[in-house]
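First residue of the first sequence: 3, per the working numbering; consecutive thereafter.
Even for Gly, the Cβ is constructed at its ideal location relative to N, Cα and C.
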Amino acid sequence: MLVLLSYFMKASHLILGTQRENPADAEIISHQFMIRAGLIRQVSSGIYNWLPLGKKVLQKVENIIRKGMNDAGAQEILMPMVQPASLWEESGRIDKYGQELLVFFDRHENKFCLGPTHEEIITDLCKNLITSYKQLPLNLYQIQTKFRDEIRPRFGVMRSREFIMKDAYSFDIDKEGMDKSYSIMKEAYIQIFDAIGLNYRIVKADSGAIGGSDSEEFHVLADAGEDLLAFSDKSDYAINAELLAEHKESKNPASLEGMPSPDGKGLLKLKRGIEVGHIFKLGSKYSEVLNLKIQGEDKDIYPEMGCYGIGASRIVAASIEQNYDDKGIIWPKSLAPFEVAIVEVNQKSKEEIKRKCSEIYQLLKDNKIDVLWDDRDKRPGVKFADMEVIGIPFTIIIGERTIETGEIELKERQDEKPKLVSHQDLVSIIKG
RNA sequence: CGGGGCGUGGCGCAGUCUGGUAGCGCACCACACUGGGGGUGUGGUGGUCGCUGGUUCAAAUCCAGCCGUCCCGACCA
């Protein structure tokens, strides 16, 4: 019996955690809907619990990233969240990161910090792991919780202190190799963000505190974005507006609108974006300062490194900022916590309704479709509203109206009314 | 760190000015009705009013200090 219950993904057994009212302290859309749809609950400023539905979405993001990285030849590892501060002293970044680095002491009075990023750890790891140039090129990545003690965390998981990030690090014998690793990662990122299915852009970026030369950012376009991006209306020139403003000296980014594009083609247009990915060429900065030296063909070399981040938890919020309506979240199919919901209407009056739900549920399961069966003893309006705020792409409605006809009512998230489809077509329509 | 809010059951709020038995809506539990867009009724559960100290016969309410949290700014991915 227990096996049977857990096998069925029924709403009556699932912690949905939906709320009818907006929490008072959530300002932006994604934060409001993430709480109302039962994805997250706040623990402390910039620190969140991920509830079952939120965790499911997050896992979908992670798996798309994982596949893209593996396909590109990167190897997954897991590094510790707790790092000895001595490594940060060695790299000289303990001061540069400053208060954003959360420092503490263990019982032996040794100084540690919570990892905001892992250049130090991975470089140190490779000192023992990589001994010959023949092992290069190499790309190692992890998907893990990061902690940055933000001055002002805000907007839910958009700018939180604790967040889930994929970070990858490449090692090459020379600059040409690094350039190649960088382009492979850029290509992998394009595949990953295409697979997620959000509207995004790649822009030139500032390499900031991470250091290094070339760097590009991947932005999900959304009005709530914290970054301003500048595009040429005639070419594919695109840059983080803040960086361009710096080059132009003391211009504020918003004033760039309508100015000539620096590549000489067309005029600049501005759009807001949420940074969800960032790729850097680091060079030998970290390998030198942390003394990662490996044997080359004829002499020792410091590997040329690159690092590549994707904000997994931020993507969840960014997706919502880009796709929502007054009823709630609208997920792309790639991220939806369930692909389809079955809403059981008027369930008490007829035994056939329950039987029909069970039959459809089984059909979908057999076709590997991720389905939620809303079997709760609630009024239809409540169920519809919940499925809509959660943002499930399809809803199948099973009730007295169609129980006799054999047809199935299928409603897409953004449609007002359901369509009647045949039993045979159901699976192919949902699979799209 | 500067400026501005807010802290009262899980959520949204009233009550604070003017001290006198902690309230409302939603959610939750039970029963009945209801049953295709957040339904109705009856009866319930649940709160040291952020914390500490002070004033007072009496403090959610007045005073002081502290803490938490949100927004704007500086900063940052």
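Proximity of residue i and residue j at Cβ, strictly below 8 angstroms
{"i": "His221", "j": "Val278", "result": "yes"}
{"i": "Asp196", "j": "Glu306", "result": "no"}
{"i": "Ser245", "j": "Gly179", "result": "The residue asked about is misnamed: residue 245 is Leu in this sequence, not Ser. No, Cβ-Cβ distance for Leu245 and Gly179 is not below 8 angstroms."}
{"i": "Ala170", "j": "Cys309", "result": "yes"}
{"i": "Leu60", "j": "Val318", "result": "yes"}
{"i": "Ser237", "j": "Asp265", "result": "yes"}
{"i": "Ile344", "j": "Val373", "result": "yes"}
{"i": "Lys148", "j": "Gly100", "result": "no"}
{"i": "Gly158", "j": "Ser32", "result": "yes"}
{"i": "Lys352", "j": "Glu409", "result": "no"}
{"i": "Gln34", "j": "Ile79", "result": "no"}
Alpha carbon of residue i to alpha carbon of residue j, nearest angstrom
{"i": "Glu64", "j": "Ile123", "result": "22 angstroms"}
{"i": "Leu7", "j": "Asn51", "result": "Here the model assigns Leu7 a pLDDT of 45, short of 50, so the residue's position is not dependable, and the following value carries that caveat. Roughly 25 angstroms between the two C-alpha positions."}
{"i": "Leu269", "j": "Pro262", "result": "4 angstroms"}
{"i": "Phe114", "j": "Ser88", "result": "8 angstroms"}
{"i": "Gln77", "j": "Ser93", "result": "25 angstroms"}
{"i": "Asp379", "j": "Val342", "result": "19 angstroms"}
{"i": "Leu4", "j": "Pro339", "result": "Because Leu4 carries a pLDDT of 43, less than 50, the predicted location of this residue cannot be relied on, and the following value inherits that uncertainty. Taking the straight line from one Cα to the other gives about 23 angstroms."}
{"i": "Val347", "j": "Ile405", "result": "11 angstroms"}
{"i": "Trp333", "j": "His249", "result": "38 angstroms"}
{"i": "Lys62", "j": "Ala226", "result": "23 angstroms"}
{"i": "Asp73", "j": "Tyr288", "result": "26 angstroms"}
{"i": "Ala39", "j": "Ile66", "result": "22 angstroms"}
{"i": "Glu354", "j": "Met71", "result": "47 angstroms"}
{"i": "Ile400", "j": "Pro420", "result": "11 angstroms"}
{"i": "Arg95", "j": "Glu414", "result": "50 angstroms"}
{"i": "Thr407", "j": "Lys367", "result": "23 angstroms"}
{"i": "Gln416", "j": "Gln146", "result": "34 angstroms"}
{"i": "Gly434", "j": "Glu299", "result": "53 angstroms"}
{"i": "Lys188", "j": "Glu121", "result": "19 angstroms"}
{"i": "Asp376", "j": "Leu41", "result": "17 angstroms"}
{"i": "Asn112", "j": "Leu127", "result": "20 angstroms"}
{"i": "Arg357", "j": "Phe396", "result": "20 angstroms"}
{"i": "Tyr326", "j": "Arg22", "result": "16 angstroms"}
{"i": "Gly75", "j": "Ile392", "result": "35 angstroms"}
{"i": "Gln85", "j": "Pro382", "result": "52 angstroms"}
{"i": "Ser286", "j": "His110", "result": "34 angstroms"}
Bridge-paired residues (DSSP) for residue i
{"i": "Trp375", "result": "Lys12 and Ile344"}
{"i": "Gly199", "result": "Answer by DSSP bridge pairing: none, since Gly199 is not bridged."}
{"i": "Met167", "result": "Gln146 and Gly313"}
{"i": "Cys359", "result": "The partner list for Cys359 (beta bridge, DSSP) is empty, contrary to what the question assumes."}
{"i": "Lys271", "result": "Phe233"}
{"i": "Asn242", "result": "Leu231"}
{"i": "Tyr184", "result": "In DSSP, Tyr184 forms no bridge with anything."}
{"i": "Lys421", "result": "Leu412"}
{"i": "Lys206", "result": "Glu218 and Ile241"}
CB-CB length for residue i against residue j, believed under 8 angstroms
{"i": "Glu323", "j": "Ala224", "result": "4 angstroms"}
{"i": "Val423", "j": "Leu412", "result": "5 angstroms"}
{"i": "Arg163", "j": "Arg150", "result": "6 angstroms"}
{"i": "Glu390", "j": "Lys329", "result": "4 angstroms"}
{"i": "Ile432", "j": "Ile394", "result": "Going by Cβ atoms, the distance from Ile432 to Ile394 rounds to 11 angstroms, so no, they are not a contact pair."}
{"i": "Met81", "j": "Gly311", "result": "Rounded, the Cβ-Cβ distance is 14 angstroms, inconsistent with contact."}
{"i": "Ile198", "j": "Ser336", "result": "5 angstroms"}
{"i": "Glu259", "j": "Lys267", "result": "At roughly 16 angstroms, the Cβ-Cβ gap does not stay under 8 angstroms, so Glu259 and Lys267 are not in contact."}
{"i": "Asn242", "j": "Glu219", "result": "6 angstroms"}
{"i": "Glu152", "j": "Glu228", "result": "About 12 angstroms; that fails the 8 angstroms criterion."}
{"i": "Asp388", "j": "Thr133", "result": "Not a contact, Cβ separation roughly 57 angstroms."}
{"i": "Thr119", "j": "Leu294", "result": "Not a contact, Cβ separation roughly 16 angstroms."}
{"i": "Tyr202", "j": "Lys283", "result": "The pair is not a contact, with the Cβ atoms about 21 angstroms apart (cut-off 8 angstroms)."}
{"i": "Ile240", "j": "Leu230", "result": "The question names Ile, but residue 240 is Ala in the sequence shown. 12 angstroms between Cβ atoms; not a contact."}
{"i": "Phe233", "j": "Lys182", "result": "About 27 angstroms; that fails the 8 angstroms criterion."}
Candidates the options, of which the one nearest residue i by Cα
{"i": "His15", "options": "Pro54, Arg38 and Glu29", "result": "Pro54"}
{"i": "Gly313", "options": "Arg161, Arg203, Asn254 and Arg274", "result": "Arg161"}
{"i": "Ile17", "options": "Gln364, Lys57 and Glu29", "result": "Lys57"}
{"i": "Tyr135", "options": "Thr147, Asp176 and Leu104", "result": "Asp176"}
{"i": "Ile37", "options": "Ser46, Gly48 and Pro25", "result": "Pro25"}
{"i": "Ile205", "options": "Gly158, Gln144 and Gly275", "result": "The sequence given here places Val at residue 205; Ile does not occur at that position. Checking every option, the nearest Cα to that of Val205 belongs to Gly275."}
{"i": "Met11", "options": "Arg43, Tyr363 and Leu230", "result": "Tyr363"}
{"i": "Ala28", "options": "Gly48, Gly19 and Ala13", "result": "Gly48"}
{"i": "Leu365", "options": "Ser46, His425 and Met83", "result": "His425"}
{"i": "His280", "options": "Ile296, Ile192, Asn325 and Gln297", "result": "Ile192"}
{"i": "Ile186", "options": "Asn141, Asn293, Asn201 and Ile145", "result": "Asn141"}
{"i": "Met83", "options": "Gly75, Asp97 and Phe106", "result": "Phe106"}
{"i": "Ser46", "options": "Lys301, Arg156, Ala13 and Ile398", "result": "Arg156"}
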